[in-house]
Amino acid sequence: MLDSQRDALPDALPGQEWERRKEALEPFEARIGQEGTWWQRAYNSADPNGLACVAALGEPYVFAPPNTTPPAGITIAELVEIARAALTVPEPKIELNPDARSYVNLPTWVWLSGIGETTRSVTATLPGVMSATVTATLEDIRIDAGTTADRAEVKEECGPGGKPYAKGAAFTCGVRYLRASVDQPRDAYVLTVTSVWPIEIEDDVVPFAYDPVEVGVTRDVPVGEVQSTVRKTG
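Sequential numbering of the sequence shown, starting at -2, is according to our numbering.
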């Protein structure tokens, strides 16, 4: 390419202009045979100060070795930040059994619906240069019964999305309320379930980690008490 550009210079150019154009090719000539990418400085043409700003940066073209970016260019760490900012996880819905109302000492099974895929990924890319992928995977849920331990027993062996009710199955994910909710606002306990999504950065391309994404949802759980009458006979 350099030879063709040099050959394309008109012989009739004034000497000063000829020298100026030859000088412009020298940075490219110095990189012949080296692997890397040429970058062109860019600016916002709508900004009246944009052209002056880019001119003050010096040469309009900058060479960068493979998997790197030029000074003031986007770095791999910044690509990771862009991917993380775009990563979202769903807000699920709490499912219960029994559904409408629970009772004292009755197991209330808890699970989540509306999650879809339990792995969510976003990749930020500079085409042909580098990319960064950030992935969140649903790992567990946390249950807050909405009251103190003397009024509710919480079981949290839930797995990624909780455990739907299954006849004969062990009760390992949910709440067993020990007292009725009649003394609570709206006559119900406010149950909170938080989904926990740890984040991984593909290939550990940057030396830092993100906290898990946590999404909490709530639901009122009215809890009644079954009254029984004991009669003495005989």
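Where is the CB? At the ideal position from N, CA and C, for every residue including glycine.
Using C-beta distances below 7 angstroms, list every residue in its chain close to residue i, excluding the 5 sequence neighbours before and after it, in chain order.
i: Ala167; result: none
i: Ser1; result: At Ser1 the pLDDT is 43, less than 50, meaning the model places this residue with poor confidence; the figure from the coordinates comes in the next sentence. The answer is none, since no qualifying residue turns up.
i: Ile73; result: Met127, Ala129, Val202 and Val203
In angstroms, rounded to a whole number, what distance separates the CA positions of residue i and residue j?
i: Cys50; j: Val187; result: 56 angstroms
i: Ala27; j: Ala206; result: 40 angstroms
i: Ala142; j: Val212; result: 16 angstroms
i: Pro124; j: Gln181; result: 57 angstroms
i: Asp208; j: Ser118; result: 15 angstroms
i: Leu93; j: Arg173; result: 12 angstroms
i: Thr169; j: Val179; result: 26 angstroms
i: Lys164; j: Asn64; result: 56 angstroms
i: Leu135; j: Val223; result: 37 angstroms
i: Ala97; j: Thr115; result: 27 angstroms
i: Leu6; j: Leu22; result: Here the model assigns Leu6 a pLDDT of 48, short of 50, so the residue's position is not dependable, and the following value carries that caveat. Distance between the alpha carbons of Leu6 and Leu22: 11 angstroms.
i: Val210; j: Ala83; result: 13 angstroms
i: Ala185; j: Pro67; result: 60 angstroms
i: Arg3; j: Glu20; result: Residue confidence is low: Arg3 scores 46 on pLDDT, short of 50, so the model does not pin down where it sits. No coordinate-derived value is stated.
i: Glu199; j: Arg183; result: 47 angstroms
i: Trp194; j: Lys90; result: 16 angstroms
i: Leu103; j: Val86; result: 32 angstroms
Excluding the 5 residues preceding and the 5 following residue i in the sequence, name in chain order all residues of the same chain whose CB lies nearer than 6 angstroms to its CB.
i: Ile138; result: Cys155, Gly159, Val190 and Ser192
i: Thr215; result: Val187 and Thr189
i: Arg148; result: Leu175 and Arg176
i: Ile59; result: The identity of residue 59 in the sequence shown is Val, whereas the question assumes Ile. If we look at Val59 and ignore the five residues flanking it on each side, its Cβ neighbours are Trp36 and Pro67.
i: Tyr251; result: Beyond the ends of the chain as shown, which are -2 and 231, falls residue 251; an answer cannot be given.
Beta-carbon within less than 8 angstroms of residue i's beta-carbon, same chain only, minus the 5 sequence neighbours each way: which residues are those?
i: Ser128; result: Leu76, Thr120, Ala121 and Thr122
i: Arg81; result: Val119, Val131, Ile196 and Tyr207
Assuming contact is defined by CB atoms lying nearer than 7 angstroms, are residue i and residue j in contact in what I supplied?
i: Thr132; j: Glu88; result: no
i: Val107; j: Gly171; result: yes
i: Ile140; j: Glu150; result: no
i: Pro62; j: Gly33; result: yes
i: Ser42; j: Val218; result: no
Can you tell me whether residue i is buried or exposed, with buried defined as 16 or more other CB within 10 angstroms of its CB?
i: Thr145; result: exposed
i: Val220; result: buried
i: Leu48; result: exposed
i: Gly30; result: exposed
i: Gly111; result: exposed
i: Pro45; result: exposed
i: Pro95; result: exposed
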